[in-house]
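*Asks:* For reference, each letter of the sequence shown is one residue, going -20 to -1, 1 to 209 in mature numbering (1 follows the signal peptide of the UniProt record, and there is no 0).
Where is the CB? At the ideal position from N, CA and C, for every residue including glycine.
Since the structure is predicted, the reported quantities are computational estimates derived from the model, not experimental observations.
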Amino acid sequence: MKKTILSLALLAGLSSAAKAQTGLKLGLKGGFNGATFSGNDSKGNQYKAGFTAGGLINYGFSDLISVQGELLYSQKGASIDGINYTTASASTTNGTFKSTIGYIDVPILLKTTIGEDGKGLFFELGPQGSFVINNRDFIEDGGGKQISSSNTSTDDLNKVVIGYVGGIGYQITSGLGIGLRYAGDISQVYKDGASKNLFSSAASGFKGQNPSVRNSVFQLQVHYMFGGN
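1. Work out the CA separation of Asp61 and Lys99 for me, nearest whole Å.
2. Can you tell which of Gln189, Val140, Gly155, Ile45 has the C-alpha that lies nearest to the C-alpha of Lys5?
3. Which one of Phe41, Leu52, Thr93 has the shortest CA to CA distance from Leu8?
4. Kindly indicate which residue of Gly57, Lys56, Gln55, Lys78 has the alpha-carbon position closest to the one of residue 271.
5. Just to confirm, are Ala29 and Gly14 a CB contact at a threshold of 8 Å?
6. With distances taken from CA atoms, which of Ala58, Arg116, Val197, Asp136 is nearest Ile166?
7. Using 8 Å as the threshold, is the C-beta distance between Gly143 and Gln151 below it?
8. How is Ser175 classed by DSSP in three states: helix, strand or coil?
9. For the candidate residues Thr92, Val86, Asp121, whose alpha-carbon lies nearest to that of Ser59?
10. State the DSSP-derived secondary structure class of Glu96, mapped to helix, strand or coil.
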């Protein structure tokens, strides 16, 4: 009888603990992007500022392990020095090409949290698909004055790119957390072949061809999650 009671008590305790450690959570997040291009034609590239914002869904198998999917709007692109450009009214031999490309990012992450009750240091890693939404690029002279009209076409861009995400952060409370992650693309930013827009006349080093570059982004993010058991 005692063994039966002890077994039932142990089973009830394990069930309660499992329930406390698992659950579905929804959340919001936002943060700062430091974006640039990497790859064969990334010489002269500098980081540029942008932002990211969106929602997430997290399912915890335990305090230690969870899977997290996100849907984020994210500004990427780069600032590229050493551009030669001439218009009817102005020219520069050392201009700066500035590109801001808006994506919808969809990362699927395996998340490991070290601590009790789902709080503490966490690590995350997984693949990411990104979908082009908008684009804006232009050229400035050495004094920071815009000397070209803005190009908003996405014709030269690969509309879907595949990449990866890795990060580290800290879950401050059961809801609030902060993280630093790196997002790198495997796919190229631009389509292969001749440029249809600004690069064909602006980036003389590419001789009218789209450059071979990939997105490379550091992200500082804050999130808040609701729900869970």
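*Replies:* In short:
1. 43 Å
2. Of Gln189, Val140, Gly155, Ile45, the smallest CA-CA separation from Lys5 is found for Gly155.
3. Leu52
4. Nothing about residue 271 can be reported from this structure: the residues present for the chain run from -20 to 209 only.
5. yes
6. Nearest C-alpha to Ile166: Val197.
7. No; because the gap between Cβ atoms is not below 8 Å, this pair is not in contact.
8. coil
9. Asp121
10. coil
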